[in-house]
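K.L.:
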Amino acid sequence: MDFFKLISDIERVDPEIYDRLDSRRRVFKHFGLAGKTLTAAMVPNLVSGIFQRAYGQTTALPADIVAVLNLALSLEYLEFYYYDSGLKAANLIPASDRPAFEIIRNDESGHIKVLREALGSAAIPDPGRATFDYSGGKGSGTGPFAAAFGNYALYLGVAQSFVDTGVRAYKGGATKLMANKDILEAALNIHSVEARHSSHVRTVRRGVAVNAGATTVPGNLADLNKQPKSWISGTDNGGPSPSTTPSTAAVYGAGTPATGGPTDLFFPADSNTTQAGIDLLTNTAGATAASASEAFDEALDAATVKSIARNFVDAKSALFV
Amino acid sequence: MPRLPRRSFLRYSGAGLAVGGLLLAGCDDDDDDIITPPGTIDLGSGDNGVLNYAYALEQLEAAFYAQVKTGAYYKGLAANSAEKQVFDDLAIHEQIHADFFRKVLDTKAIKALEPDFSTIKFDDRNSVLGAAKSFEDLGVAAYNGAGRYIQTAAYLLIAGKIVSVEARHAALIRDLINYNTFVASDVVDLFTPTSGTSAPGVGSGTGKEKSMTPNDVVNMANKFLKDGSKISASNIK
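Residue numbers (the working numbering), protein chains in the order written: chain D, 606 to 926; chain A, 213 to 449.
Following this line, the structure appears as structure tokens:
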């Protein structure tokens with residue numbers, strides 16, 4: 606086989622072949638060949654592997670990666686249909702805020718595309734709009750957020766809860782993707798976009814809370830439920846709706862396990878002020894419980910994420926089970 | 213050896229393929245060690261390299277916001293204004309990050325870096341916000357691009373905890389500059405649905421943030437570091 610003739614033949618029909626191929630160093634890392642001598646006998650496998658990586662995902666992903674990506678995909682559907690329904694609702698989102706929610710809805714749609722492509726045939730099917738009950742009533746339609754599509758403040762509060770759950774879920778799932786660096790990086794690239802969404806939704810909520818230009822309103826530490834900072838401060842006093850059933854407090858609370866050692870993976874509440882065994886309050890002059898908690902977002906485990914999200918799907922659906 | 217473009221590299225080593233038992237010349241894991249440029253601080257390799265990389269960027273951000281707080285723009289902000297709260301928060305968050313990495317790295321930490329912010333006008337709102345946007349966006353792209361080099365799961369989790377906070381910062385700073393630009397095409401590969409009624413996932417683009425490689429990030433960061441404090445990420449891989 607003339608490998609280089611093959612590449613040049615492919616280049617004729619696919620000028621982007623070189624972009625699809627891994628950088629050469631990554632190729633060696635992916636195949637465990639770093640620092641090893643390559644023998645002729647190894648070439649056929651290496652070449653077929655390179656093309657699999659460039660053109661598709663014909664090899665099955667490990668089950669734990671599939672689980673992380675399908676949970677992420679489920680959350681993206683939850684969010685996509687929420688924002689899409691909001692944009693379709695009459696007189697809900699003011700004209701000045703529509704561009705933002707179109708961006709957010711489209712970002713979620715892109716994330717769905719990326720996750721489906723990574724999962725291939727292992728991707729869950731599109732659950733469809735009807736699977737979701739954004740009232741928080743598990744299919745009854747009569748949960749505490751039933752008025753969300755007619756009440757902008759309520760709509761924003763639920764949006765914040767979804768997006769913050771998503772940010773915590775990606776963070777919690779990332780360590781399970783380490784075996785596949787490209788999928789890991791894609792997930793990180795989605796994760797930070799979700800955090801940008803959360804920041805913006807929180808900014809909008811501050812403006813709505815006091816009926817003023819969103820970016821002119823500071824966070825109100827005495828009313829973080831309605832007027833949060835663009836970052837999570839402590840547990841945000843339980844989030845937008847701490848006293849309802851379901852409550853948003855779980856979005857900012859601890860996952861499982863909630864405690865662990867400096868190099869363990871665990872999921873404390875967002876009010877956590879110790880990282881890698883270091884007490885942030887004594888490590889930086891001027892740090893407070895609020896600022897130290899704000900400086901680090903916390904992750905959530907898959908089971909806790911599902912228990913939060915399950916409130917927003919029909920109880921008959923297998924989504925988030 | 214000098215760096216060859218990928219295409220030339222493939223053709224170049226093609227000669228070797230004809231020979232049995234070939235050894236891809238100079239292609240072991242260390243093949244393109246860029247010798248750490250003279251006078252730069254090597255961030256190191258492995259997890260310590262990534263942690264020092266983060267430490268360097270957090271130092272830069274912390275120093276920037278500390279200087280913002282001494283400038284006329286910040287000092288002119290009303291006591292209870294949104295912008296004052298933002299810069300107070302950003303200053304302490306970044307200091308907490310920098311101090312955290314110094315403590316984690318302990319004896320492996322690089323030295324305290326001396327910033328050069330001579331291109332930033334600290335009495336001018338646009339200049340300060342523009343620089344803040346650059347630093348925050350750079351931080352997000354840097355963490356996203358470095359995740360793949362982290363070996364220890366607990367450190368990846370820590371990086372994840374910080375990058376989302378940087379993304380929150382970046383989004384708000386961008387909204388302060390121009391409302392509704394919390395996500396835009398300079399930092400995110402925007403997704404465009406095929407039509408107004410497209411099903412989810414149908415369209416062009418990805419909605420993913422754009423990563424930057426450590427070398428590209430360092431080139432940007434070095435513009436804000438004095439001679440003797442410039443850094444090299446050539447061993448992060």
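All C-beta atoms, glycine included, are put in the ideal place defined by N, C-alpha and C.
1) Between Ala303(A) and the rest of its own chain, which residues show a CB-CB distance below 8 Å, the 5 nearest in sequence each way excluded?
2) Starting from the beta carbon of Ala411(A), find every residue of chain D whose beta carbon is closer than 8 Å, and list them in chain order.
3) Pick from His802(D), Asp902(D), Pro749(D), Leu697(D): whose alpha carbon is nearest that of Gly777(D)?
4) Spell out whether any CB of chain D is found under 9 Å from the CB atom of Tyr286(A).
5) The ligand MG heavy atoms versus the CB of Phe750(D): any closer than 8 Å?
6) Taking the alpha carbon of Gly417(A) as the point to measure from, which residue in Asn431(A), Thr425(A), Ser397(A) has its own alpha carbon closest?
7) Anyone know if the C-beta pair for Tyr775(D) and Gly372(A) falls short of 9 Å?
8) Can you tell me whether DSSP reads Leu697(D) as helix, strand or coil?
9) Distance check for Arg721(D) and Ala727(D), CA to CA, integer angstroms please.
10) Return no unless some Cβ of chain A is closer than 9 Å to the Cβ of Gly891(D).
11) Who are the Cβ neighbours of Ala705(D) in its own chain at under 8 Å, not counting the five residues just before and after it?
12) Measuring only the C-alpha atoms, how far is Asp431(A) from Lys320(A)?
13) How would you call Ser898(D), buried or exposed, if buried means at least 16 neighbouring beta carbons within 10 angstroms?
14) Just checking: is the beta-carbon of Thr484(A) within a distance shorter than 9 Å of some beta-carbon in chain D?
15) Tell me the DSSP secondary structure of Leu793(D) in three-state form.
16) What does DSSP give as the partner residues of Ser416(A) in its beta bridges?
17) Give the DSSP-derived three-state secondary structure of Phe436(A) in the structure shown.
18) Measure the CB-CB distance between Ala294(A) and Pro699(D) and report whether it falls below 9 Å.
19) Under the DSSP definition of a beta bridge, which residues are partnered with Thr879(D)?
20) Since Pro327(A) sits in a beta bridge, which residues does DSSP pair it with?
21) Determine, using beta carbons only, whether Val719(D) and Ala791(D) come nearer to each other than 9 Å.
22) For Val671(D), which residues from the same chain have a beta carbon less than 6 Å from its beta carbon, with the 5 sequence-adjacent residues on both sides left out?
23) Look at the alpha carbon of Thr840(D) and the alpha carbon of Asp875(D), and state the distance between them as a whole number of angstroms.
24) Look at the Cβ atom of Thr889(D), then the Cβ atom of Gln271(A), and state whether they are nearer than 9 Å.
25) Please work out which residues of its chain come closer than 8 Å, Cβ to Cβ, to Val926(D), disregarding the five sequence neighbours upstream and downstream, and give them in chain order.
26) Output needed for Asn264(A): all residues of its chain with C-beta closer than 6 Å, excluding positions within five of it in sequence on either side, in chain order.
27) Helix, strand or coil, according to DSSP, for Ser444(A) in the structure here?
28) State yes or no: is the beta carbon of Leu680(D) nearer than 9 Å to at least one beta carbon in chain A?
29) In the DSSP assignment, the alpha helix (DSSP H) including Asn356(A) goes from what residue to what residue?
30) Thinking Val399(A) and Asp349(A) are a contact (beta carbons under 8 Å), I'd like their distance in whole angstroms, please.
31) Taking the DSSP output, what are the residues bridged to Asp254(A)?
32) Rounded C-beta distance between Lys422(A) and Arg386(A)? I'm assuming under 8 Å.
33) Could you pull the start and end residues of the alpha helix (DSSP H) that Val719(D) belongs to?
34) Using three-state DSSP, classify Glu421(A) as helix, strand or coil.
35) What separation, rounded to the nearest whole angstrom, lies between the Cα atoms of Ala751(D) and Leu676(D)?
36) Have a look at Ala445(A) and Asp712(D) and give me their C-alpha separation to the nearest angstrom.
P.N.:
To lay it out plainly:
1) Ala274, Tyr277, Ala278, Val280, Lys281
2) Asp731
3) Asp902(D)
4) no
5) In the structure shown, the ligand MG is absent, as is every other ligand, since no ligand is present at all.
6) Ser397(A)
7) yes
8) coil
9) 8 Å
10) yes
11) His805, Val809
12) Just to set this straight, residue 431(A) is Asn in the shown sequence, not Asp. C-alpha separation (whole angstroms): 22 Å.
13) buried
14) Look at the range of chain A in this structure, 213 to 449, and you will see that residue 484(A) is not part of it.
15) helix
16) Thr404(A)
17) helix
18) no
19) Asp884(D)
20) Leu437(A)
21) yes
22) Ala727
23) 5 Å
24) no
25) Lys911, Arg915
26) Leu255, Gly256, Ile322
27) strand
28) no
29) 337–358
30) 5 Å
31) Ser444(A)
32) Actually they do not touch by this definition, with Cβ atoms about 14 Å apart.
33) 703–724
34) strand
35) 25 Å
36) 31 Å
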